[in-house]
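These notes concern the structure reproduced below.
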Ligand code: F6R
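In UniProt numbering, the protein residues as written are 248 to 616.
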């Protein structure tokens, strides 16, 4: 039940610290990842994997895109992320060295289910990341790592998304240890970062009031753009998806590096653009590039809303609004930066008098093609 909240979505957004904490619970033991559900995957098998294919739809696919950066960096295995419905209707190259990871909150998405079945027929081994105990996709997979976000009722996925990233990060760190690609010290550092995420999400939630005000004065906006680089790129896509589905506003997410290859033509005076700014400490190369992207769009009249690390002063001269997130290592920023974007979409939808739990034309679980 909603238990005093005005909507399930608001409740679920606020439950994100617990969604991540519960997904990690019992899975980090003595500074090591411990996932008993993966016992059928022996260390030799995990060492033999030469490629990972992630299949999912919608928000779950964006969780996969975020994890691609982490798993490749930590475990040095190439990861590709593909939409389930694209995957199953081409002729993907799969063999026993390919690990297929499906991500699905409901565990019932028809396209993802069919893609998993197809992958198994082709001889690939499959792991399911799922939030619903006993759902069909986990039953059709070789192993399942459950996210423990609790039931997600609102159509728009929020707490399941952060829990999916947490589960995939645990898997990535496990893989890195087995494959010997991260030192014990480095593993410990990453695990500590992961475990500090719930508290940092709590901080972001505590500062959300400002996002509500922003949404209110933007209620008449017809189009919003989102820019990000590296792990900020899938977050830009997710921010745009949330706005489309909840507030019915045209929204697009772009990789900031693509600006000059087309999207910058969209910028006209007053165009709102959210920019996810990487940490100046953690991403010394990318931070100045994103700041210069902000200058480029600002010079063309964009109204810039920057999501930036606490204390990052470089964005101040160029951004119209700055939404702050706590300091975190670069790979962990998506888990924080997504929160104000979810709240923005929700508040804007509410300002327009829309039902945030049941947006038009959408179903919570897409069990048809
Ligand atoms: C977006 C949203 C959808 C789902 C997608 C996959 O807010 O809810 O994009 O993420 O339909 O659903 P699952 O994860 O149940 O397979």
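We put the CB at the ideal spot given by N, CA and C, even for glycine. For clarity, every value in this text was computed on a predicted model and none was experimentally measured.
* Write down every uninterrupted run of the alpha helix (DSSP H) in the stretch 477-564 whose length is 4 residues or greater and which is fully enclosed by it, in chain order. => 479-494 and 533-546
* Distance cut-off 8 Å: residue 315 Cβ against heavy atoms of the ligand F6R -> no
* With hydrogens ignored, establish whether the beta-carbon of residue 487 is closer than 8 Å to any heavy atom of the ligand F6R. => no
* To do: Label residue 532 either buried or exposed according to how many other C-beta atoms from any shown protein chain fall within 10 Å of its C-beta, with 16 as the threshold for buried.
  => exposed
* **Buried versus exposed call for residue 387 [16 or more other C-beta atoms within 10 Å across all chains shown]** => buried
* Asked: Would you call the stretch 299-311 and the stretch 321-335 touching, i.e. three or more CB-CB distances under 8 Å?
  -> yes
* Apart from the five residues just before and just after residue 584, which ones in its own chain have a Cβ nearer than 7 Å to its Cβ? -> 479, 482, 523, 554 and 572
* Asked: Would the beta-carbon of residue 400 fall within 9 Å of that of residue 255?
  -> yes
* To do: Please indicate yes or no: does the CB of residue 352 lie closer than 8 Å to some heavy atom of the ligand F6R?
  => yes
* Over what stretch of residues does the alpha helix (DSSP H) that includes residue 394 continue unbroken? -> Premise fails: residue 394 is in no alpha helix (DSSP H) and is neither H nor E.
* To do: Pull up the distance between the alpha-carbon of residue 403 and that of residue 376, whole angstroms please.
  => 18 Å
* Alpha carbon of residue 521 to alpha carbon of residue 305, nearest angstrom -> 20 Å
* Would residue 263 be called buried (16 or more neighbouring beta carbons within 10 Å of its own) or exposed? -> buried
* **Residues near residue 563 in its chain [Cβ-Cβ closer than 8 Å; skip 5 each side]** => 569
* **Cα-Cα separation, residue 345 to residue 441** => 27 Å
* Asked: Counting only runs that start and end within the UniProt domain "SIS" (289-428), where is the alpha helix (DSSP H) found for 4 or more residues in a row?
  -> 290-295, 305-322, 331-334, 357-368, 383-386 and 406-426
* Classify residue 250 as helix, strand or coil using the three-state DSSP reduction. => coil
* Limits of the unbroken beta strand (DSSP E) element including residue 616 -> No beta strand (DSSP E) holds residue 616; DSSP gives it neither H nor E.
* Report yes if the C-beta of residue 407 is less than 8 Å from at least one heavy atom of the ligand F6R; otherwise report no. => yes
* May I ask which residues mark the beginning and end of the beta strand (DSSP E) holding residue 471? => 470-475
* Under three-state DSSP, which class holds residue 603? -> coil
* Asked: How is the alpha helix (DSSP H) around residue 568 delimited, first residue to last?
  -> Per DSSP, residue 568 belongs to no alpha helix (DSSP H); it is in the beta strand (DSSP E), 568-572.
* Pull up the DSSP beta-bridge partners for residue 275, would you. => 280
* Rounded to the nearest angstrom, how far is the Cβ of residue 301 from that of residue 350, given a contact under 8 Å? -> 7 Å
* Using only alpha-carbon positions, find the residue among 486, 491 and 347 that is nearest to residue 501. => 486
* **Check: residue 388 C-beta below 8 Å from any heavy atom of the ligand F6R** => no
* Report the option in 422, 608, 266 and 307 whose CA atom is closest to the CA atom of residue 290. => 422
* Measure the C-alpha to C-alpha separation of residue 477 and residue 490 and round it to an integer number of angstroms. => 21 Å
* **Buried versus exposed call for residue 447 [16 or more other C-beta atoms within 10 Å across all chains shown]** => buried
* To do: Drop a sphere of 10 angstroms on the beta-carbon of residue 353, count the other beta-carbons inside from all chains shown, and report buried for 16 or more, exposed for fewer.
  => buried
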